[in-house]
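In what follows, a single structure is set out as structure tokens and then discussed.
Numbering (this note's numbering), first residue to last: 5 to 212.
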């Protein structure tokens with residue numbers, strides 16, 4: 005149907021990044037050895053998305069009414085036993101789009117934007133969970149990069165499964181009661197993980 009809302013993952017990663025968890029929904033987890041390499045897009049914040057943020061060209065061959073693309077960027081550094089990392093979920097404006105017909109129906113547009121916003125919010129919950137997991141590694145610099153990536157891949161798959169379940173249980177935002185339940189649950193998850201918000205920089209674990 006022409007107005008089925010979906011959020012589908014991006015399939016490409018910026019140059020020089022290694023995608024280590026491309027999923028069907030959400031965005032790839034982009035891996036880099038320096039934070040400066042992964043700064044494209046709008047980082048998640050309390051600011052809500054607007055349709056003006058959706059600057060991509062609609063895919064008129066798709067059934068989706070809108071497409072939300074986000075990417076979780078991950079960067080790390082080891083200096084001796086000191087492990088530093090950054091995990092940031094970023095909305096991708098140039099690759100996210102909405103059909104003009106949606107914007108012509110304000111009530112439907114508002115409902116759909118709320119649904120899409122929650123996809124992005126779920127990505128932030130996931131990013132915080134990744135930060136918590138990374139900070140809890142006992143000796144991360146004794147692990148190989150491949151070992152750390154394996155742990156990240158497993159958690160990216162969990163996020164993809166959650167995003168799929170969200171769309172399925174809310175019927176892509178059309179089931180108002182289910183949408184309200186997901187909103188309440190996600191709001192609580194953001195509150196419970198507030199101590200793992202990015203705060204705009206790196207997280208360091210291990211000896212200084």
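We put the CB at the ideal spot given by N, CA and C, even for glycine. Quick caveat, the model's predicted, so the values are computed rather than measured.
Beta-carbon to beta-carbon, residue 194 and residue 91 are separated by about 15 Å, too far to satisfy the 8 Å threshold. DSSP, reduced to helix, strand and coil, places residue 96 outside both helices and strands of the structure shown, so it counts as coil. Cα atoms of residue 79 and residue 85: separation of roughly 17 Å, rounded to the nearest angstrom.
By the neighbour-count criterion, in which 16 or more other beta carbons inside 10 Å mark a residue as buried, residue 54 falls on the exposed side. Its Cα nearest to that of residue 123, the residue 186 stands out among 198, 186, 192 and 111. Of the residues assessed, residue 104 falls on the exposed side of the cut-off, its CB having fewer than 16 other CB atoms within 10 angstroms. The beta carbon of residue 138 sits closer than 6 Å to the beta carbons of 89 from its chain, once the five residues preceding and following it are set aside; these are given in chain order. DSSP, read as helix, strand or coil, puts residue 58 in coil. Around the beta carbon of residue 127, 16 or more other beta carbons sit within 10 angstroms, so the residue counts as buried.
Cβ contact annotation for residue 50 (same chain, cutoff 6 Å, sequence separation greater than five): none. Cβ neighbours of residue 62 within its own chain (closer than 6 Å, five residues either side excluded): 101 and 103. Going by beta carbons, residue 176 and residue 83 fall outside the 8 Å limit. Its chain contains 106 and 107 as the residues whose beta carbon lies nearer than 6 Å to that of residue 113, once the 5 sequence neighbours on both sides are disregarded; these appear in chain order.
The alpha-carbon separation between residue 57 and residue 97 amounts to approximately 6 Å.
For residue 183, the CB contacts under 6 Å within the same chain, skipping 5 residues up- and downstream, are 174 and 177 in chain order. Less than 8 Å separates the beta-carbon of residue 94 from that of residue 44. The continuous stretches of alpha helix (DSSP H) do not include residue 83, which lies in the beta strand (DSSP E) extending over residues 74–83. The DSSP-derived three-state label of residue 124 is helix. Taken through DSSP and simplified to helix, strand or coil, residue 141 comes out as coil.
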